[in-house]
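Structure first, commentary second.
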Amino acid sequence: MEKTVVLITGCSSGIGLGLAVRLASDASRRFKVYATMRNLAKKERLLECVRGCHASTLEILQLDVTDPLSLAAAAQQVQEQRVDVLVCNAGVGLMGPLETCSFQAMKTIFDVNVFGTIGTIQAFLPGMKRRKAGKIIISSSVGALQGIPFNAVYCASKFAVEGLCESLAVILQQFNVHVTLIECGPVNTSFLANLQRTDAEGSALQGLDPQTRALYSQYLQHCQSLFRDVAQDTEEVLQVFLEAICAPCPPLRSFTTQFFMPLTRLKLTSPDGSEYVRAMHKFVFSAGEAQAAAGEFAPCSSGSPEGAGVSQPHLFVSETRGCCTRAAGAASAV
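Residues in the sequence shown are numbered consecutively from 3, following the numbering used here.
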């Protein structure tokens, strides 16, 4: 049986590495994986993880998503001359008060997260359209649907990718090409450690007003608590990617967690944004106060991650069975 050809960007660590390993290790050898990374010096961890896998299931390629020549070269190295599933996973983060973000740092975020994603899709989309078949899977984030404090530039880049994919999804229906955004919450990977971040004690904050400095310090504490209590294991998140890869007709969005859905729903139930702004402010800066005073935040409902000390926004929400429909057999197939 012909293998499904999967090309994944950003495979030196985290979700990209884990997904490459899971697919390349498939017992039925259904996948040929092209695991790409900008710096091939970081390939040793991936090689160690796939030690013993059949040589025909994995190749590692150098790919810088911000370089059109690198994209073209990678496309040429795909021996099958086709990519059935494209996973755009490469991404970078930037955290801090907007006033402290340098132009170069902001440009890097957009170069990788937005233009890198666009360029990668451009490199492989024509072949999918010719064959009238393909899947484009984007590693996205709750920060693509919600404006998270002190992540303005990162959120702006991820919002842009959401718009890109919504637009493409409408057109690509005509070509039997499916676009899926995997909306991740906090994940136990090296992403948080590797993102560019303004140091709470650093000189960059010295020119800021005291209130902003205090709010940023408070946000960092909130962020640490959130990752400690709510962050998902990589394997749990990978399952959602695997289901999108295996599903015959995956949805535009699949969510790895229901924890943030109440805040996301506010953007639809209260389109003017005022309810969302108030709810996010309480969630980040005064969740404890709000829970005690008004009951607007409640502990995680069943089916959501249960985090000690972290309250889930509980606004205009009813119990659901989840936004990601589990593909039959996907859990055991890979």
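Cβ coordinates follow ideal geometry from the N, Cα and C atoms, glycine included. Bear in mind that the values here come from a model prediction, so they are computed numbers and not experimental data.
The three-state secondary structure of S288, taken from DSSP, is coil. The C-alpha of P212 is placed about 42 Å away from the C-alpha of T182.
For C90, the secondary structure class from DSSP, reduced to helix, strand or coil, is strand.
Residues of the same chain with a CB within less than 7 Å of the CB of C55, apart from the 5 flanking positions on each side, are A26 and S27 in chain order. Across the structure, T271 and Y278 are spaced so that their CA atoms are roughly 9 Å apart. Given a length threshold of 3 residues, each whole run of the beta strand (DSSP E) inside the segment 57-134 is given here in chain order: 60-64 and 87-90.
Residue pairing for R230: DSSP places it in no beta bridge. In the three-state reduction of the DSSP assignment, M3 falls in the coil class. A straight-line Cα-Cα distance of about 10 Å links V172 and L254.
V189 is a Cβ neighbour of Q234, given a cutoff of 8 Å. In its chain, beyond the 5 residues on either side, P151, Y221 and H224 have a beta carbon closer than 7 Å to the beta carbon of V286.
The three-state secondary structure of G149, taken from DSSP, is coil. With fewer than 16 other beta carbons inside 10 angstroms of its own, M3 counts as exposed.
In terms of CA proximity to E101, Y218 leads the group R280, Y218, C13 and D231.
Rounded to the nearest angstrom, the gap between the Cα atoms of L63 and G98 is 33 Å.
In the three-state reduction of the DSSP assignment, F177 falls in the helix class, which pools H, G and I. Restricting attention to G275, N41, A92 and A135, the CA atom closest to the CA of P252 is found in A135.
The C-beta distance from F257 to V232 rounds to 14 Å, too long to fall under 8 Å, and the pair is not in contact.
Contact between I111 and V94 holds, since their C-beta atoms are separated by about 6 Å, short of 8 Å. With a cutoff of 8 Å on beta-carbon distance, V89 and L21 are scored as near each other.
Our two residues, L268 and D66, have alpha carbons roughly 37 Å apart in a direct line.
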